[in-house]
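Participant:
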Amino acid sequence: MHFNVREEIIALTPQWKGERLPDGRPYVPDRYLKALRSLTLEEVWKPIFLKGYESQFEGRLKVLHDDGRKLIGRAVTATFAPTRPDLHETMFQIGMQEGRKGNYNQWVIDSLVEGDVVVADMYDKIYKGTFLGGNLTTAIKTKTKTGGGVIWGGVRDVEQMKKVEGVQVYFRGIDPTPIRDFIMTGFNTPTRIGNAIVLPGDIVFGSGGGVLFIPAHLVAEVVDGASKTQVKDLFGFEMITENKFTTAQIDRNTWTEEMLDLLMEFIRRDERAAPYRGLDWSEEYRLAREGDPNDTQTAL
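The working numbering applies: residue 11 is where the sequence shown begins, and numbers increase by one.
1) For the beta strand (DSSP E) that contains MET194, what are its first and last residues?
2) Judging by CA-CA distance, which residue of THR147, PRO39 and ASP167 is the nearest neighbour of ILE119?
3) If you pair each beta-carbon of the segment 231–247 with each one of the segment 52–65, do three or more pairs fall below 8 Å?
4) May I have a chain-ordered list of the alpha helix (DSSP H) segments no shorter than 4 residues that lie completely inside the segment 240–275?
5) Would DSSP call SER121 helix, strand or coil?
6) In the structure shown, what three-state DSSP assignment does GLU231 receive?
7) Use the C-beta contact count for ASP212: other C-beta atoms within 10 angstroms, 16 or more gives buried, fewer gives exposed.
8) When the distance is taken between beta carbons, is ILE136 closer than 8 Å to ASP185?
9) Using the beta-carbon count (16 or more within 10 Å), is LEU97 buried or exposed?
10) Which residue comes first and which comes last in the alpha helix (DSSP H) that contains MET171?
11) Closest to ILE207 by CA distance: which of THR195, ILE82, LEU222 and PHE197 is it?
12) Could you check the C-alpha separation between ARG47 and VAL127 for me, to the nearest Å?
13) What did DSSP end up calling SER48 once you bin it into helix, strand or coil?
14) Where does TRP291 fall in DSSP's three states?
15) Shortest alpha-carbon distance to GLU17 belongs to which of LYS27, ASP33, MET106 and GLU29?
16) Let me know if PRO24 comes out buried or exposed under the rule of 16 or more other beta-carbons within 10 Å of its beta-carbon.
17) Spatial neighbours of ASP167 within its chain, please: CB distance less than 7 Å, with the 5 preceding and 5 following residues excluded, ordered by chain position.
18) Of the choices GLY164, GLY216, GLY69 and ARG202, whose alpha-carbon is the least far from that of GLY78?
19) If the criterion is Cβ atoms closer than 8 Å, does the pair TYR133 and PHE90 meet it?
20) Short of 7 Å in beta carbon distance, which residues of its chain neighbour ARG287, apart from the five on each side in sequence? Order them along the chain.
21) Within 10 angstroms of the Cβ of GLU294, are there 16 or more other Cβ atoms? Answer buried if so, exposed if not.
22) Could you check which residue in PHE247, GLU252 and GLU267 has the C-alpha nearest to that of ASP261?
23) Whose CA, out of LYS254, ASN205, TRP291 and ASP280, lies closest to the CA of TYR63?
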């Protein structure tokens with residue numbers, strides 16, 4: 011066994027066809043991370059859910075800064091378990107042979123690069139399960155620039171953590187104890203955060219009181235899909251106000267060609283829709299002509 015193995019990460023994420031980071035994680039381009047900052051949780055969640063990815067969100071987390079800031083970046087995953095002397099000896103020896111320094115959580119922090127977010131399953135351990143404190147939060151900021159952490163466990167030194175500018179952390183609880191009595195069983199392997207499943211390189215989208223994990227190979231589609239939802243909402247609100255369409259018509263997943271034609275006219279003439287003028291609507295027109303077998307009458 012080894013930690014953070016490039017070949018295994020590539021094998022876990024075969025649907026990603028783009029560039030990869032040196033450790034093998036999918037490298038979702040920065041332009042998509044930037045685009046996600048203007049989107050809401052519901053806009054990003056919808057296209058994932060409709061594709062069958064129903065276990066990507068966890069909302070039972072506390073947040074370091076309750077000021078509306080988002081946490082967006084590429085996931086570096088770590089999975090932990092309660093301590094056991096023989097297993098700890100084995101795992102720690104593997105880490106030493108790989109040249110790793112400090113404790114398990116420091117191994118993860120040391121691997122971070124710009125744009126990363128730590129995603130750690132501490133099996134809901136809060137007492138002696140404080141994965142982050144002031145020092146490691148500072149290290150995260152230094153290495154990732156814009157990142158932070160999602161910890162299914164505890165944090166400590168919260169007053170110090172809050173003074174580290176530009177980071178956001180989601181966690182389960184606070185305790186003054188230092189981290190103790192735990193073993194890392196996986197590093198950049200599939201990781202569970204509450205009800206959500208995360209793969210290395212997934213895009214972490216922390217917003218609105220919870221965290222959504224976007225599969226890397228769906229990010230481009232999600233960003234375009236969310237942008238389409240935004241402009242359809244702009245158009246739909248106007249149509250409902252003018253009594254041109256009912257809420258039932260607007261809320262359908264699949265619009266008619268007449269509705270799409272009016273939407274295209276709206277995008278061309280209304281300056282509020284200017285940012286959306288480069289979107290491709292050919293698939294929506296195809297579904298309008300041929301019918302969408304997945305149309306459930308009412309949009310999610």
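Glycine included, each C-beta is placed from N, C-alpha and C at the ideal position.
Facilitator: Here's the rundown:
1) 192–197
2) THR147
3) yes
4) 257–260
5) coil
6) helix
7) buried
8) yes
9) exposed
10) 168–172
11) LEU222
12) 15 Å
13) coil
14) coil
15) ASP33
16) exposed
17) GLY143 and GLY144
18) GLY216
19) yes
20) ILE277
21) buried
22) PHE247
23) ASN205
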